[in-house]
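Per our numbering, the very first residue in the sequence shown carries number 43; after that it's consecutive. Quick reminder that beta carbons are idealized off the backbone N, C-alpha and C, glycines included. Computed from a prediction, not measured in an experiment: that's the story for all the values here. Written out below as structure tokens is the structure these notes cover.
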Amino acid sequence: ADCQLLTGPRVAWNQSESNFNRTLQSTRDQAWDSFTAFWAHVGNTEIVIGITVVAVALVWWRTRRWWFAVIPAIAVSLQAAIFVAATIVTARPRPDVPHLDPAPPTSSYPSGHVGASVALYTSFAIMATTIERTWLRRTVIAVCSVIPVLVAYARLYRGMHHLSDVVVGAINGLLCAGLAA
Numbered sequence: 043a044d045c046q047l048l049t050g051p052r053v054a055w056n057q058s059e060s061n062f063n064r065t066l067q068s069t070r071d072q073a074w075d076s077f078t079a080f081w082a083h084v085g086n087t088e089i090v091i092g093i094t095v096v097a098v099a100l101v102w103w104r105t106r107r108w109w110f111a112v113i114p115a116i117a118v119s120l121q122a123a124i125f126v127a128a129t130i131v132t133a134r135p136r137p138d139v140p141h142l143d144p145a146p147p148t149s150s151y152p153s154g155h156v157g158a159s160v161a162l163y164t165s166f167a168i169m170a171t172t173i174e175r176t177w178l179r180r181t182v183i184a185v186c187s188v189i190p191v192l193v194a195y196a197r198l199y200r201g202m203h204h205l206s207d208v209v210v211g212a213i214n215g216l217l218c219a220g221l222a223a
């Protein structure tokens, strides 16, 4: 009976997440496949690392404040460490729908693409609060807020993650960006 109490809600949750994944799968078409392929790629490890390195170098060069420049590197690194530990412990399988991307060797939970994107672009948004020109500050923060949402949607649409994988990945990224700042 105790085991039923614990597994019952989890089974219902897994079923609703599977239904959500199947619903997204039913909306697939060539245009959205292409659109989401781009945004899923934006969250790839090599892209996030490349953007992080370039951003750190540019901010350090422009501000001469290394402690400010390394915020994105700390956020992305911390997120990655937590992501790797969590994915090893959970080993959650990917959704039971056709995948539009090759599956990385990690498990589905949490989403590393989303965690890395949120950590990177949230750290940029936090750093952007120091921009003096109001229109530029608001524009940078808005763009940095939208990119991780597009990455998250792409990973769901492409069948690579359950909704809870994406939510926990986003929380991981947010917390790591906040800690880094």
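- Per DSSP, reduced to three states, the secondary structure at Met202 is coil, with no helix or strand assignment.
- Proximity to Val191 across Gln67, Val209, Asp138 peaks at Val209, based on C-alpha coordinates.
- Look at Pro152 here: in three-state DSSP terms it is coil, with no helix or strand label.
- For Gln121, the CB contacts under 7 Å within the same chain, skipping 5 residues up- and downstream, are Gly157, Ala158, Ala161, Asn214, Gly215, Cys218 in chain order.
- Between the segment 59-73 and the segment 197-207, the count of Cβ pairs shorter than 8 Å is three or higher; the stretches touch.
- With a contact defined as Cβ atoms closer than 8 Å, Asp71 and Pro152 miss out at about 28 Å.
- Secondary structure of Thr176 (DSSP, three-state): helix.
- Taking a C-beta distance under 8 Å as the contact criterion, Ser187 and Ala222 do not qualify as a contact pair.
- Counting the other CB atoms within 10 Å of its CB gives His141 a total below 16, which places it among the exposed residues.
- Separation of Thr78 and Asn61 (C-alpha to C-alpha, rounded to the nearest whole angstrom) is 20 Å.
- Here Ala128 is buried. Its C-beta has 16 or more other C-beta atoms within 10 Å.
- The distance from the Cβ of Ser150 to that of His83 is about 18 Å, inconsistent with a contact at the 8 Å cut-off.
- Ala170 is the residue among Thr87, Tyr195, Glu174, Ala170 whose C-alpha sits nearest the C-alpha of Ala184.
- The C-beta distance from Ala97 to Pro114 rounds to 5 Å, short enough to meet the 8 Å contact threshold.
- Excluding its 5 nearest sequence neighbours in each direction, Ala111 has C-beta neighbours in its own chain below 7 Å: Val98, Val101, Trp102, Thr105, listed in chain order.
- The C-alpha of Asp143 lies about 12 Å from the C-alpha of Trp81.
- At least 8 Å separates the beta-carbon of Ile130 from that of Tyr163.
- Counting only residues of its own chain and dropping the five nearest sequence neighbours on each side, Thr94 has a CB closer than 7 Å to the CB of Pro114, Ala115, Val118, Leu162.
- Short of 8 Å from the beta carbon of Pro135, and not among the five residues preceding or following it, lie these beta carbons of its own chain, in chain order: Ser149, Ser150.
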